[in-house]
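Chemist: Chains as they are written, first to last, in my numbering: chain Z, 9 to 432; chain S, 9 to 432; chain D, 9 to 432; chain U, 9 to 432. Each residue gets a CB set at the ideal place from its N, CA and C atoms; glycine is no exception. Values in this document were obtained by computation on a predicted structure and should not be read as measured data. Here it is, the structure in full.
There are 4 protein chains.
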Amino acid sequence: MSTIKFERNTLFEQFMDVRNFSEQISSPLSIEDYVVQSMPDVSPTKWHLAHSSWFFEAFVLEKFDVNYKSVHPQYNYLFNSYYTQVGERHCRPKRGLISRPTVEQVYKYREYVNNKIEDFFSDSSNKDFEKHAPVVEIGIHHERQHQELMLTDIKNVFSENPLKPVYMELPASSSNGKIPTANWVSYPEGLYEIGHADNSFSYDNEMPKHKIFLGSFNLSSRLVTNKEYIEFIEDGGYKRAELWLSDGIYTVEDSGWEAPLYWEKIDNKWHHFTLSGFKEVEANQPVCHVSFYEADAYARWIDARLPAEAEWEIASADLIIEGNFVESGVYNPISLGGNSKSSSLAQMFGDVWEWTSSPYICYPGYKTLPGALGEYNGKFMSNQMVLRGGSCATSISHIRKTYRNFFPPDSRWQFMGIRLARDE
Amino acid sequence: MSTIKFERNTLFEQFMDVRNFSEQISSPLSIEDYVVQSMPDVSPTKWHLAHSSWFFEAFVLEKFDVNYKSVHPQYNYLFNSYYTQVGERHCRPKRGLISRPTVEQVYKYREYVNNKIEDFFSDSSNKDFEKHAPVVEIGIHHERQHQELMLTDIKNVFSENPLKPVYMELPASSSNGKIPTANWVSYPEGLYEIGHADNSFSYDNEMPKHKIFLGSFNLSSRLVTNKEYIEFIEDGGYKRAELWLSDGIYTVEDSGWEAPLYWEKIDNKWHHFTLSGFKEVEANQPVCHVSFYEADAYARWIDARLPAEAEWEIASADLIIEGNFVESGVYNPISLGGNSKSSSLAQMFGDVWEWTSSPYICYPGYKTLPGALGEYNGKFMSNQMVLRGGSCATSISHIRKTYRNFFPPDSRWQFMGIRLARDE
Amino acid sequence: MSTIKFERNTLFEQFMDVRNFSEQISSPLSIEDYVVQSMPDVSPTKWHLAHSSWFFEAFVLEKFDVNYKSVHPQYNYLFNSYYTQVGERHCRPKRGLISRPTVEQVYKYREYVNNKIEDFFSDSSNKDFEKHAPVVEIGIHHERQHQELMLTDIKNVFSENPLKPVYMELPASSSNGKIPTANWVSYPEGLYEIGHADNSFSYDNEMPKHKIFLGSFNLSSRLVTNKEYIEFIEDGGYKRAELWLSDGIYTVEDSGWEAPLYWEKIDNKWHHFTLSGFKEVEANQPVCHVSFYEADAYARWIDARLPAEAEWEIASADLIIEGNFVESGVYNPISLGGNSKSSSLAQMFGDVWEWTSSPYICYPGYKTLPGALGEYNGKFMSNQMVLRGGSCATSISHIRKTYRNFFPPDSRWQFMGIRLARDE
Amino acid sequence: MSTIKFERNTLFEQFMDVRNFSEQISSPLSIEDYVVQSMPDVSPTKWHLAHSSWFFEAFVLEKFDVNYKSVHPQYNYLFNSYYTQVGERHCRPKRGLISRPTVEQVYKYREYVNNKIEDFFSDSSNKDFEKHAPVVEIGIHHERQHQELMLTDIKNVFSENPLKPVYMELPASSSNGKIPTANWVSYPEGLYEIGHADNSFSYDNEMPKHKIFLGSFNLSSRLVTNKEYIEFIEDGGYKRAELWLSDGIYTVEDSGWEAPLYWEKIDNKWHHFTLSGFKEVEANQPVCHVSFYEADAYARWIDARLPAEAEWEIASADLIIEGNFVESGVYNPISLGGNSKSSSLAQMFGDVWEWTSSPYICYPGYKTLPGALGEYNGKFMSNQMVLRGGSCATSISHIRKTYRNFFPPDSRWQFMGIRLARDE
């Protein structure tokens, strides 16, 4: 959370922006689309819309007003995701079995919560406002995270349907051009600092700022492309155990992976399912929907490695945060322009989350938030890997250089890709 | 199928009746309710509505008109249930992942099929009509079967929801009265005949009519009630291995069964989820939602047995088909009236399907229908048990004395109950 | 059990014969071979040797002498198979995790039990002897059953080992000769009787003798051979869903079956693992190690069916029990001699258990034995099919015309084969 | 591997020592004990004895002599553990299904390999010796690792047996005394170096030596004891989700954990299964057989944390390697003597492997060994945690301050315990 002093109007505007954007994301859907859960990792759109509202109830409204009553006493049970200190919750893999509340009722629930938050903004004492405003801010960031999941989850739901529904038609991209060669950008050995320190917003897991010693390293100037990744496939990459971590090759064999998620070979050409339909894979777009295991194996194949998260953060220090975010409305990574300079880092933000070689553990001196909000990040610090930089489904208002995203090494349904590193 | 000569108007009226009734059953649902599949045995309502339409396409319209085109080329893939000879089909346990076609599109699909069938009735030559009318009749019976599944499946879907949705509010039943004592009705040893023979409709698995020798036997004059079954529970029935088949007690232990499906003990009283809400169990209603294993264990506990299907059929010979069917609109078994005669068989039809001791195998001399329709019944003749008599979710127009329903011995989500038998 | 009067010397001789034969069967094994359990259905040889001894303790010695003490208080827990009324028992799939008692200790345990039974024979009063002798007789038959399992289980254990151990070297069979054509032997419609009635030994599930009406039927004069079954394989039998029961084709697909158990194609020739090593399949030997599903599909493919168990029993009425049993020491089905008469039934006994079309359920009027022995047969009467006639691993002293063996329809590790039937 | 010059006699002596010690560890076993695999992580003793011999064949003898022939052509298949570059290998979870080769044959195999290695020592040219001696050294260390597994695996096998076999009777320990209070030993912030650098032996994963910045930290002067851990249990530790990582509490719930592995509460007292039998838990012994999840939750409960592996290594710098190793013949952690100084670190070596907070990943600049030996460590660098210090089943000749052991966070069957750390 931030430690700045909040301004009522500004914060409420941010609140309403994020609330409206969730509904904008949902607007192309049919009612039926809101209900489905295609795998345990995925939640129905309806659930995301309700859960992000519940968050404001559980962590702001009920703290602010002890007499607060939700629309329905069971919503606390249905829409709590994983906060054990807030009480029992509905079993995650069964979210797709719940047809009620209906979509209409969920929208009414959202409106109810919005009104109550509006009351909080207009009626709270300064003392109360200062106490709860930082949690409203967390709720805003929390909903931004769920907006990204709404897009990746509906992509997964639609991908299961042989009718191949289209979330949003998009004009064909003009990707015939060349893209710059990948070059190594080098960074010297040294004692660096990473982590969040100023009074702007961050999650607890980005703190504290701390010293870290790094040897010299190089990062690739751009992301790995589909064309480059297809070379790995065609070189037998998925069959050659020596390129993989042991857990990785077992996953490949058990799951029958032969290419990134959503890829299918038709008439000897790779196609993939996107939010704007089923299309041929474009050579120069960044490869996407690969797991950590695939990213790691690709790097080993080409005699490189993945960056450590500290390396990524150090390298990002002088960059401006710009790129292909959700605001561009493309919902897919895009090719790097042919006139990008190949001597500096490109595509560090947006397009795809970049797998790092760093397991997700706490920074030295890490403290969780008090109470149930302490469960937000800390309890997931095992068996996951850090990703950096945001994706085409992330809001530019959500990303930070210190932002630590994390997923299990076999996850593929997020927009996840590969940037290479090497020692020298 | 029937071997009678069909009359165009009558058959078309039956067709439209059954088509309309499916939509009447669906009418209390919200759009979201049509989408959910709560377990692999259950199908979404949307799927039932589409599949029963596809049946007419695959087995009538496409045979009648070689140029017939469905609304969408993928519907044949999505809405084929298990007819391998009609081509590839969508994986059954994944029916709940398919949000499109939408409910509205499914209703349009139904209308499209209805219109095409109407064309068949109005335009077909006599020769064509005579050829395809018997299959229309099968399709009508097929849709009746799916109407029963629509009710049992939506009950299962709703039961998963902590909000306990109500399908249809019903006036409270007046069940304070007494019910008649259960008496044994006896039948002599003899060489009998069972099976279907005349030219009215039946499924292939009810034929041929054949001789069977039966020793003398007794059937209970009425169904086992909730009160009687609770005595079994309270006597430790679910814990006493010696009362159970070996597969049965393993199922009990693996599944944690302690009572019939949908039952829950609250404040020391048994309640159950019904299509009209969550209610206290009524003592005199027939026990329902028990598996074959539970029916068999209950019978052993009380020193009786389940009837063989032939015994049930012989005993039904002189009875009129009447009872609590779907047409009564109760969707739950009801108590036997206090003034029923206890000396003759009651509740043989409707209320609950009655588990028999007979594994579902073919009758001697059984022949399947030619082509894909031969898959309708014959290929399920292993690991299932026969049930007789229809239930409160069956249409009276669908049941016959020779009707053989069948489910695996651990199934509970149909309206299934217990009638006792003994040798003498 | 028998209802005859037992003669002490004769029964004790039978007892010692069966006890010695178990040890003779084990004698070719290394100590390590006694320990392994290759799948849940299989038990280690060590366990069979101990369990068949425990049976005499639990059902004879402890009843005869209330002060009876076993060698170790835990043996009752370790070596009870499934008799819930005798107390808790060790989990079946974990039998292969138990290295102690050692093989030497198990042999001592057997000797201990033998001595105590010898004491029973020498010391019991006539009243006691008459009471317990029938249970000794059951124990003898019980051990015969386990002798068959010892052979089928060690075959399964050895088949898992890439070293392909040989249980017993056998001289090559001379099978170049012809075998008789299969002919249909016909039986008229009629009211027959099946089941056991006289005072000789039978299991409870063979009783009571009862009337049954059968239509006219035909049985094939001999078993289906490997050559005939290979034609089914080569005709795409395992890929053609229309030939299979629904449960059958799912099993084929889930398990990847392409041929009988133990078969492997090498250099385009079918080989199989046998107790005398890994060998080429012989054309004229009866096909073996097929499931009910495969037997049923084969029959459908060739436009026949499997016999009902009553048909098999009626057909066996005039035959002498003779054939290739365990006493022949071949441990594999053998080719029918070229000079057999093709007009009468051959191979009805021995060689392979013959799958019938009859689910394993009780006969009308069936009563289980009192107490824990009532668990011997009755509680398995669901989801299994009857097999008839004994196999090359059965003792001729164990088989009867009324003998009902039973296994689940997907079982293959017993010596199981196919005899065809048809209606006319 | 070492980079020193090897001396033939010394290395051969080390070789024979380690080979003999494996057989000494096996000597208390019955032949049956060698065969069993109690879970996929466990291997049969017989397999360990053969696999450690195969290692010398695959990596020394076959490289040294192109005409080398093993005792049996299938041994390369049966006894390869996971080296994909050496060829296909037998499926790990099926090691317990293989009764042959017999124990006697495995001992002959060991002797055969010993003789061939002796030939290598006596007959190799200096050039050949220098080339292969470093791999012999790896093989020696490899066999030491398997000796530890032989003990932990046979403990697991015996623990499954209700007879509770005793591996080795031991005199009762005198543990009535007090043990020193746990104190915090502090270390200043600084730029340190960790990893292996000199020319003595290490595994590749301990290299390269590299700089790392650490904040100030404290380590507890001794291990957590059973008494202290029981307080955690009695405080509801296993039920309080807020103390656990999310993966941890799911594991607890799925697995039904209520205490460390091998613990059982009898008459309200905790007992545990040990290699010298089933005994009451001793209060002052280090707690053992806990997973990373339990170690982490215990630390959170007591408001501390686990040490990072770098912290552990820095703290060990000035210590002498001494403690309760396998050479003491106790096979269980022992209580700290009452007269230990509580101001310095005790129990850093031996007794139990100490879980660290560090995921097992490569050091910066890590290079694997060339060829199949490169699979020894590197490919396991995901989803595992580092443990340090060796245990009561480790040889003192095997441990190093830089030694990185690693296991998945839910593993418990090794001798694993807890040392606490905190920031200040």
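#1: If you follow the beta strand (DSSP E) that Tyr115 of chain S is part of, which residue opens it and which one closes it?
#2: Taking its Cβ as the centre, do 16 or more other Cβ atoms sit within 10 Å of Cys296 of chain U, making it buried, or is it exposed?
#3: Residues of chain Z with a CB under 8 Å from the CB of Val43 of chain S: which are they?
#4: Would you please state the rounded distance, in angstroms, between the beta carbons of Phe423 of chain S and Thr160 of chain S? I believe it to be under 8 Å.
#5: Sorted by chain position, which residues of the same chain lie with C-beta nearer than 7 Å to Phe29 of chain U's C-beta, five sequence neighbours on each side aside?
#6: Excluding the 5 residues flanking Met389 of chain U on each side, which residues of the same chain have their C-beta closer than 6 Å to its C-beta?
#7: Around the C-beta of Met176 of chain U, are 16 or more other C-beta atoms found within 10 angstroms, so that it is buried, or is it exposed?
#8: Give me the Cα-Cα distance between Gly373 of chain D and Gly95 of chain D, rounded to the nearest whole angstrom.
#9: How big is the Cα-Cα spacing for Gly398 of chain Z and Gly337 of chain Z?
#10: What distance in whole Å lies between the Cβ atoms of Ala249 of chain U and Thr92 of chain Z, which are believed to be in contact at a cut-off of 8 Å?
#11: Note down the Cα distance separating Gln392 of chain Z from Ser254 of chain Z, rounded to an integer number of angstroms.
#12: Please identify, using Cβ separations under 9 Å, the residues of the segment 415 to 431 of chain U that lie next to chain Z, in order along the chain.
#13: Grab the span of the beta strand (DSSP E) containing Ile274 of chain Z for me, first residue to last.
#14: Is the Cβ of His279 of chain U closer than 8 Å to any Cβ of chain D?
#15: If we define contact as Cβ-Cβ less than 8 Å, is Lys273 of chain S a contact residue for chain D?
#16: Of all the options U:Leu178, U:Arg100, U:Lys387 and U:Trp320, which has the alpha carbon lying nearest to the alpha carbon of Asp49 of chain U?
#17: Mind checking whether Pro294 of chain D and Leu231 of chain D have CB atoms under 8 Å apart?
#18: Which same chain residues, not among the five before or five after Ser89 of chain Z, have their C-beta less than 8 Å away from its C-beta?
#19: Where does Glu321 of chain Z sit, in a helix, a strand or coil, going by DSSP?
#20: Whole-angstrom Cβ separation of Ala429 of chain D and Leu314 of chain D, contact assumed at under 8 Å?
#21: With a CB to CB cut of under 7 Å and the five nearest residues on each side skipped, what residues in its chain are close to Val298 of chain S?
#22: Please name the residues in the segment 91 to 116 of chain Z whose beta-carbon is closer than 9 Å to at least one beta-carbon of chain U, in chain order.
#23: Since Val44 of chain S and Val174 of chain S are thought to touch, with beta carbons under 8 Å apart, how far apart are those beta carbons, to the nearest angstrom?
#24: Over the uninterrupted alpha helix (DSSP H) stretch that includes Asn17 of chain U, give me the two end residues.
#25: Distance cutoff 8 Å, beta carbons only. Does Pro36 of chain S sit that close to anything in chain Z?
#26: On the three-state DSSP scale, how would you describe His80 of chain U?
#27: Taking the alpha carbon of Lys387 of chain S as the point to measure from, which residue in D:Asn276, D:Tyr258, D:Gly264 and D:Ser405 has its own alpha carbon closest?
#28: In three-state DSSP terms, what is Lys219 of chain U?
#29: Can you check DSSP and say which residues form a bridge with Ala429 of chain D?
#30: Which of the three DSSP states, helix, strand or coil, is assigned to Leu171 of chain U?
#31: Starting from Phe388 of chain D, find everything on chain S with Cβ-Cβ shorter than 9 Å and list it in chain order.
#32: Could you tell me the distance, in whole angstroms, from the CA atom of Asp243 of chain U to the CA atom of Tyr270 of chain S?
#33: Relative to the alpha-carbon of Leu377 of chain Z, which residue among Z:Glu214, Z:Glu362, Z:Arg412 and Z:Asp275 has its alpha-carbon at the smallest distance?
#34: Identify the continuous alpha helix (DSSP H) that holds His297 of chain D and give its terminal residues.
#35: Please list the partners that Glu168 of chain S has in chain Z, where partner means a Cβ-to-Cβ separation under 8 Å.
#36: List, in chain order, every chain Z residue whose beta-carbon is nearer than 8 Å to that of Val165 of chain S.
Modeler: Concretely, from the data shown:
#1: Here Tyr115 of chain S belongs to no beta strand (DSSP E); instead the alpha helix (DSSP H) covers Val111 to Asp131.
#2: Classification of Cys296 of chain U: buried, given that the 10 Å Cβ count is 16 or more.
#3: Taking a Cβ-Cβ threshold of 8 Å, the residues of chain Z close to Val43 of chain S are Glu40, Val43, Val44 and Ser107, in chain order.
#4: At roughly 7 Å, the Cβ-Cβ gap stays under 8 Å, so Phe423 of chain S and Thr160 of chain S are in contact.
#5: Result list for Phe29 of chain U: Gln155, in chain order.
#6: The answer, listed in chain order, is Tyr368, Ile369 and Cys370.
#7: By the 16-neighbour rule on beta-carbons within 10 angstroms, Met176 of chain U is exposed.
#8: Roughly 29 Å between the two C-alpha positions.
#9: Rounded to whole angstroms, Gly398 of chain Z to Gly337 of chain Z spans 15 Å at the Cα level.
#10: Indeed they touch by this definition, with Cβ atoms about 4 Å apart.
#11: One Cα belongs to Gln392 of chain Z, the other to Ser254 of chain Z, and the distance between them is close to 16 Å.
#12: Of all residues in the segment 415 to 431 of chain U, Pro416, Pro417 and Asp431 have a Cβ within less than 9 Å of some Cβ in chain Z.
#13: Counted as a single uninterrupted DSSP element, the beta strand (DSSP E) harbouring Ile274 of chain Z occupies residues Trp271 to Ile274.
#14: No, no contact with chain D.
#15: Closer than 8 Å: no.
#16: Per the C-alpha coordinates, the member of U:Leu178, U:Arg100, U:Lys387 and U:Trp320 positioned closest to Asp49 of chain U is U:Arg100.
#17: It is a contact, given that the beta carbons lie within the stated cut-off.
#18: The beta carbon of Ser89 of chain Z lies closer than 8 Å to those of His59, Arg97 and Arg100 in the same chain, with the five residues before and after it left out.
#19: In the three-state reduction of the DSSP assignment, Glu321 of chain Z falls in the helix class, which pools H, G and I.
#20: In this structure Ala429 of chain D is in contact with Leu314 of chain D, their Cβ atoms being roughly 6 Å apart against a cut-off of 8 Å.
#21: Within its own chain, the residues whose Cβ lies closer than 7 Å to the Cβ of Val298 of chain S, once the five positions on either side in sequence are excluded, are Pro268, Arg420, Met424, Gly425 and Ile426, listed in chain order.
#22: Residues of the segment 91 to 116 of chain Z with a C-beta less than 9 Å from any C-beta of chain U: Thr92 and Gln93, listed in chain order.
#23: Rounded to the nearest angstrom, the Cβ distance from Val44 of chain S to Val174 of chain S is 16 Å, too far for a contact under 8 Å.
#24: Per DSSP, Asn17 of chain U belongs to the alpha helix (DSSP H) from Arg16 to Ser34.
#25: By the rule that beta-carbons nearer than 8 Å mark a contact, Pro36 of chain S does not touch chain Z.
#26: Note: His80 of chain U maps to coil in three-state DSSP.
#27: In this structure, D:Tyr258 is the residue among D:Asn276, D:Tyr258, D:Gly264 and D:Ser405 with its C-alpha nearest to the C-alpha of Lys387 of chain S.
#28: Lys219 of chain U: strand per DSSP, three-state reduction.
#29: Paired residue(s): D:Leu227 and D:Arg313.
#30: Residue state, collapsed to three classes: coil.
#31: Proximity of chain S to Phe388 of chain D at the Cβ level (cut-off 9 Å) is accounted for by Leu253, Ser254 and Asp255, in chain order.
#32: Straight across, the Cα-Cα distance linking Asp243 of chain U with Tyr270 of chain S is about 37 Å.
#33: Measuring from the Cα of Leu377 of chain Z, the nearest candidate turns out to be Z:Glu214.
#34: First-last for His297 of chain D: undefined, no H or E at that position.
#35: Neighbours of Glu168 of chain S across chain Z, judged by C-beta separation under 8 Å: Lys102, Leu105 and Ile106.
#36: Result: Leu105 and Ser107.
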